[in-house]
Amino acid sequence: MSVSTAPLTETSFALALGLLMLAPLAVAGMALINTGLGRSRSAAQSILGSMLMVAAAALAFALLGATFADSASGTGHVIHLAGKQWNWAGTGTIGLSGFATAPARAQLGLLFQFLAVALAVLIPWGSGADRWRLPAGAAAAVVLAAIFFPLLAHWSWSTGWLAQLGANFGLGAGLLDAGGASAIHVLGGLSALAVVWIAGPRRGKFPREGLSTAMPGHNSIYVLFGCAVAAMGWLAFNTAGALLWCDVALSTLPVIAINTWLAAVAALAATYTVTRVRFGKPDASLCANGWLAGLVTSSACAAVVTPVQALLIGFVAGIITPLLVEFLELGVAIGVHAAGGIWGLFAAGVFAPHSGQVLAQFVAIATLLGFVFPLIYLAFWLLNRFVPFRVDADGERIGLDLHELGGNAYPEFVVHRDDSYR
Amino acid sequence: MRYAGLLVMPAGFFLAVAAIVLFPDPARRAVFLIAGLAVEAMGLGVAMRGHMQSQGEHRS
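Order-wise, the sequence lines are chains A and B.
If you read the first sequence in my numbering, its first letter stands for residue 1, the second for the next number, and so on.
If you read the second sequence in my numbering, its first letter stands for residue 1001, the second for the next number, and so on.
Encoded structure:
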């Protein structure tokens, strides 16, 4: 999927801009979900942290990241290997200089990336709930927005080597990922895994004896409403991404929106059924994550599948998610975004009407798991030496609202002891 | 164990890149790509197991 440099028509420009104005709803939805899934004594810190992460990411991306992401110039830093060009980083100007006069498509692409990086950094923030310090979260957001996200954005949405797999090696149309399953969700999910491994589990999650403790979110309404809000943002990301990165005809946008919606509802129905069968009653939190997993899978494949295929893909995502969360004890951020994103990338390859497409998707998945993830872990491990990720035991006991902000989100609530969860 | 797993994962990535560079034949490419992914999955599994073991040792 090599980005087109043809000028946008006025209609396409206006439509893409209008859609991108709705994309921040995905960010708002994720912030609500993260807050609702955490404890009440860290709620204000969680939502403020979401805003801080978005701010830190936007600054880092504007000052440095956009240079590497560069979807405007059509050039890049190139390595010559085996007679082919491997374009690994953009060659944009530092600090966005000159973007005001760039072509309309390049400006919209940059806006898309600003909103996408905000969503990507919120995923690890959710996985570090109730123990990840604000300064450490902001520092991690800077690292992701300045280095990892821009590289993946360039590789998949510009003239980067993954986008050129079709032209260089005959692998379908190159990486197909209009909505950002790789650059947003798998990147965010793998970062979440690195955060969990480095910061460790929440205090009391794994007691000395017996099974791990279930720690339900403090507000299911936030979580479920956040899912509904996020869906609007996803519709915007998937349709605007298809316009900008795949150059689809305007007449295909309704199908892309329907595919996004069908993947989400099929995933919700599947998770509802699985949790109903396993626990006797449906689990609201897992159902919310099933819905989100359906949306995540649609990011990769909504632009290239039929509605029936979108239903099937969402249904499988809805079955996988609760099982991963339950049996592997993966956090929801990892189970939903990393696993859902990888499944979406694979499904796009299987169902896309291009020969060899699935191999291009395999190369992208191999790059994310085998190259990006170890580097993220290394970067976060080093960062943790300078800006410790985890709050001290006392801070975790009293809650991050009091510890980091000096006041609770719900001052009239009684704060429960850790053992009250058991 | 976690670090061993993380060190194995890039081997799978290089196997995948080698597959597309060295084999023009789609069948061989596919086999080597899948082998690369399998190596990565193995590395991730080892790293995850190492993480779970260290969690067990630090139960609070």
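Ideal Cβ positions, reconstructed from N, Cα and C, are used throughout, including at glycine.
- The DSSP-derived three-state label of G241(A) is helix.
- Runs of the alpha helix (DSSP H) lying entirely within the stretch 193-281 of chain A, each at least 4 residues long, are 220-245 and 253-279 in chain order.
- Beta-bridge pairing by DSSP links V78(A) to N87(A).
- Excluding five sequence positions before and after G180(A), the CB atoms of its chain that fall closer than 6 angstroms to its own CB belong to A116 and S299, given in chain order.
- When only Cα atoms are considered, A1030(B) and A1018(B) end up about 12 angstroms apart.
- C-alpha of V143(A) to C-alpha of I376(A): approximately 9 angstroms in a straight line.
- Taking a C-beta distance under 9 angstroms as the contact criterion, G331(A) and A141(A) do not qualify as a contact pair.
- For I342(A), the enclosing alpha helix (DSSP H) starts and ends at G340 to F351.
- For G1036(B), the CB contacts under 6 angstroms within the same chain, skipping 5 residues up- and downstream, are G1012, L1015 and A1016 in chain order.
- A16(A) and W343(A) have their C-alpha atoms some 27 angstroms from each other.
- Counting along the chain, the unbroken alpha helix (DSSP H) around F1013(B) starts and ends at R1002 to L1022.
- Residue contact check for A1004(B) against chain A: no CB pair falls below 9 angstroms.
- Secondary structure at R385(A): helix, using DSSP grouped into helix, strand and coil.
- For W155(A), the secondary structure class from DSSP, reduced to helix, strand or coil, is helix.
- Around the Cβ of G407(A), a 10 Å sphere holds fewer than 16 other Cβ atoms; the residue is exposed.
- Taking one beta carbon from each stretch, the stretch 360-374 of chain A and the stretch 170-178 of chain A have 3 or more pairs nearer than 8 angstroms; the two touch.
- For P374(A), the closest Cβ of chain B is nearer than 9 angstroms.
- Taking 9 angstroms as the Cβ-Cβ cut-off, the stretch 1030-1048 of chain B approaches chain A at A1030, L1033, I1034, G1036, L1037, V1039, E1040, A1041, G1043, L1044, A1047 and M1048, given in chain order.
- E10(A): member of the alpha helix (DSSP H) spanning E10 to L22, first to last residue.
- Counted as a single uninterrupted DSSP element, the alpha helix (DSSP H) harbouring Q309(A) occupies residues P307 to F327.
- Cβ proximity to chain B below 8 angstroms picks out nothing from the stretch 252-284 of chain A.
- One thing to note: T35(A) has its Cβ no nearer than 9 angstroms to the Cβ of A26(A).
- With contact defined as three or more Cβ pairs closer than 8 angstroms, the stretch 305-316 of chain A and the stretch 251-266 of chain A are in contact.
- Taking C-beta atoms as the reference points, A231(A) and T297(A) fail to come closer than 9 angstroms.
- DSSP, reduced to helix, strand and coil, places G407(A) outside both helices and strands of the structure shown, so it counts as coil.
- Going by DSSP, L64(A) is part of no alpha helix (DSSP H) at all; its letter is neither H nor E.
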